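Under the numbering used here, the first residue of the sequence shown is numbered 829, with each subsequent residue one higher.
Just so you know, even glycine gets a beta-carbon here, dropped at the ideal spot from N, CA and C.
Since the model is a prediction, treat every value here as computed from it, not as a measurement.
What follows is one structure encoded as structure tokens, with my remarks underneath.
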Amino acid sequence: MNHAELKSTFDGVDREIAALEGAIRFGRTLPLGETVEQAIAVIKRLIVAYLEDEERKQVPMKSADILEVLKALVKGEPSWNAIRDNCRELVYYRNCLAMDRKDALPAAPEKMAVRTARHVYLYIKTRCLREGRLED
């Protein structure tokens, strides 16, 4: 099976996260709302790419929220729940911002959002490597 689209998605997401990590490393301040939305978007893209590559589960509509997309991934495979709390954390950040409750966020939430995105990226990539969908 050709996994070129999956690989392309992983490569693109890796570059996006690396750019955010680079900004943090060089001491630049990331815009919180945009960073949270970008973290959510890249994780959603990875999950959708995995579902499309797998071809066993229904891929949610593009308008679906990250938690709906995760629900489709987890269906029938509870081991995917390992990334559920990471996705919920980012949604929590987004909700805090929407309710103007920055005081409820952890210290350096923009950095946490980037680290969470990298964590989920590595989790899904490792799974793809084990399944033979990606090469190291």
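query = Within the chosen definition, does the segment 853-871 reach the segment 913-930 through at least 3 CB pairs nearer than 8 Å?
reply = Taking 8 Å as the limit for Cβ pairs, the verdict is that the segment 913-930 does touch the segment 853-871.
inquiry  = Assuming P965 is part of the alpha helix (DSSP H), what are its boundary residues?
reply    = Residue 965 is absent from the model: the chain starts at 829 and stops at 964.
request  = Using 10 angstroms around the beta-carbon of R929, count the other beta-carbons present and answer buried if the total reaches 16, otherwise exposed.
outcome  = Per the 10 Å Cβ criterion, exposed.
task = In angstroms with no decimal places, state the Cα-to-Cα distance between R853 and A847.
result = So the two alpha carbons sit approximately 10 Å from each other.
Local conformation of F854 per DSSP, three classes = Note: F854 maps to coil in three-state DSSP.
request  = Can you tell me the Cβ-Cβ gap for A900 and Q886, rounded? I've got them flagged as a contact below 8 Å.
outcome  = With 8 Å as the limit, A900 and Q886 qualify as a contact, their Cβ atoms being about 6 Å apart.
message = So the candidates are L933, K939, A935; which of them puts its Cα closest to the Cα of G850?
response = Distance check between G850 and each of L933, K939, A935 places K939 closest, using alpha-carbon atoms only.
message = Here's the rule: buried if 16 or more other CB atoms are within 10 angstroms of the residue's CB, otherwise exposed. What is P934?
response = So P934 ends up on the exposed side.
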